[in-house]
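I have placed the structure first, in the form of structure tokens, so that the comments after it can refer back to it.
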Amino acid sequence: MTNLEAVPKEAGPRRKAEIFGATLDLLAERGYDELTIEQAAEHAGVNKTTIYRWWGSKPELLRDALLDSGVLRVTVPDTGSLHGDLAALADAVRVLLREERTRALVEAALVGAVRHPALRELVVSLLDGGFTRRQPILERAAARGELPAGFDPGPLADALAGALWVQLLLRRRPPTEEFVRALLALLLDGCRARH
Numbered sequence: 479m480t481n482l483e484a485v486p487k488e489a490g491p492r493r494k495a496e497i498f499g500a501t502l503d504l505l506a507e508r509g510y511d512e513l514t515i516e517q518a519a520e521h522a523g524v525n526k527t528t529i530y531r532w533w534g535s536k537p538e539l540l541r542d543a544l545l546d547s548g549v550l551r552v553t554v555p556d557t558g559s560l561h562g563d564l565a566a567l568a569d570a571v572r573v574l575l576r577e578e579r580t581r582a583l584v585e586a587a588l589v590g591a592v593r594h595p596a597l598r599e600l601v602v603s604l605l606d607g608g609f610t611r612r613q614p615i616l617e618r619a620a621a622r623g624e625l626p627a628g629f630d631p632g633p634l635a636d637a638l639a640g641a642l643w644v645q646l647l648l649r650r651r652p653p654t655e656e657f658v659r660a661l662l663a664l665l666l667d668g669c670r671a672r673h
């Protein structure tokens with residue numbers, strides 16, 4: 479099993495669902511730093527040795543719990559335009575972040591990822607994996623002539639995600655629809671300027 483694979487559905491302790499649920503509940507409620515494996519075990523009704531047998535550390539447990547939960551899954555839109563697709567994608571993220579528990583989970587994961595390699599690896603993997611799933615948006619845009627040939631989509635994806643996370647983590651508010659509109663206008667004007 480690679481570092482980025484969740485424990486397969488058939489593998490793991492019998493009470494894996496309860497362990498993951500308890501871990502994510504505590505993460506949302508208390509944040510990354512205050513969460514302990516002992517608390518997760520108690521909340522799930524299992525012995526802490528059960529958790530340590532399957533996950534060697536808190537970041538590893540969180541990695542698998544987050545992967546298993548699918549909390550950040552967003553459908554790839556196809557509206558017929560790059561602006562429409564990115565607006566729909568940003569709106570889906572915005573709607574996700576309006577939900578208090580999801581917002582708390584995202585925040586805790588991002589904060590933990592700054593200091594812990596296992597969790598950072600997960601967050602980067604989720605971002606990269608999400609980007610890969612959203613690659614068709616950019617391929618369709620290039621085929622329609624909305625992006626220049628050979629366009630590197632990495633900075634666009636990072637700028638979009640970064641602006642949304644700044645709103646969430648630093649400004650302490652979910653991004654508004656108006657913010658997303660202004661952001662997309664700015665980013666897409668910059669992309670077109672590269673022609």
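For the sequence shown, the working numbering gives the first residue as 479, with consecutive numbering after it.
We treat Cβ as the ideally placed atom computed from N, Cα and C, and that holds for glycine.
For residue i, count neighbouring Cβ atoms within 10 angstroms of its own Cβ and tell me buried if that reaches 16, exposed if not.
i: Pro713; result: Because the chain in this structure spans residues 479 to 673, residue 713 falls outside the shown range and cannot be described.
i: Gln613; result: exposed
i: Val573; result: exposed
i: Val571; result: buried
i: Pro675; result: The requested residue 675 is not part of the displayed model; the chain covers only 479 to 673.
i: Asp546; result: buried
i: Leu648; result: exposed
i: Ala568; result: buried
i: Ala596; result: buried
i: Ala518; result: buried
Going by beta carbon distance, what residues of the same chain come within less than 6 Å of residue i, once the five residues before and after it are set aside?
i: Ile615; result: Asp563
i: Glu496; result: Ala522
i: Glu520; result: none
For residue i, which residues from the same chain have a beta carbon less than 8 Å from its beta carbon, with the 5 sequence-adjacent residues on both sides left out?
i: Phe629; result: Leu616, Ala620, Cys669, Arg672
i: Val601; result: Ala587, Leu588, Ala591
i: Glu507; result: Ala582
i: Leu575; result: Arg581, Val584, Leu642, Leu646, Pro652, Pro653
i: Val524; result: Pro491, Arg493, Glu496, Ile497
i: Ala663; result: none
According to DSSP, is residue i part of a helix, a strand, or is it coil?
i: Glu624; result: coil
i: Thr501; result: helix
i: Pro631; result: coil
i: Arg612; result: helix
i: Glu507; result: helix
i: Val664; result: The residue asked about is misnamed: residue 664 is Leu in this sequence, not Val. Leu664 falls in the helix class under three-state DSSP.
i: Asn481; result: In this prediction, Asn481 scores a pLDDT of 45, lower than 50, which makes its location untrustworthy; no coordinate-derived value is stated.
i: Glu656; result: helix
i: Glu512; result: coil
i: Arg651; result: coil
i: Pro486; result: Bear in mind that a pLDDT of 49 at Pro486, under 50, signals an unreliable position, so the number given afterwards is only what the model happens to contain. In the structure shown, Pro486 sits in coil (DSSP, three-state: anything other than H, G, I, E or B).
i: Arg618; result: helix
Which residues in the same chain have their Cβ closer than 7 Å to the Cβ of residue i, if we skip the five residues on either side of it in sequence?
i: Tyr510; result: Ala586, Val589, Gly590
i: Ala637; result: Leu665
i: Met479; result: Because the pLDDT at Met479 is just 41, under 50, the model does not fix this residue reliably, and the value given afterwards should be weighed accordingly. Taken in chain order, the list of residues that qualify is empty.
i: Ala543; result: Phe498, Thr501, Leu502
i: Val554; result: Arg611, Arg612, Pro614, Ile615
i: Thr557; result: Asp563, Ala566
**OP:** Kindly confirm or deny that the region 655–664 and the region 556–576 touch, where touching means at least three C-beta pairs closer than 8 Å.
**Re:** These segments touch.
**OP:** Please specify which runs of the alpha helix (DSSP H), each continuous and at least 4 residues long, are wholly inside the region 520–597, giving them in chain order.
**Re:** Listed in chain order, they are 526–532, 536–547, 560–576, 578–593.
Original post:
Counting pairs of beta carbons, one from the region 523–538 and one from the region 491–506, are three or more of them closer than 8 Å?
Top reply: Flag = yes, the region 523–538 and the region 491–506 touch.
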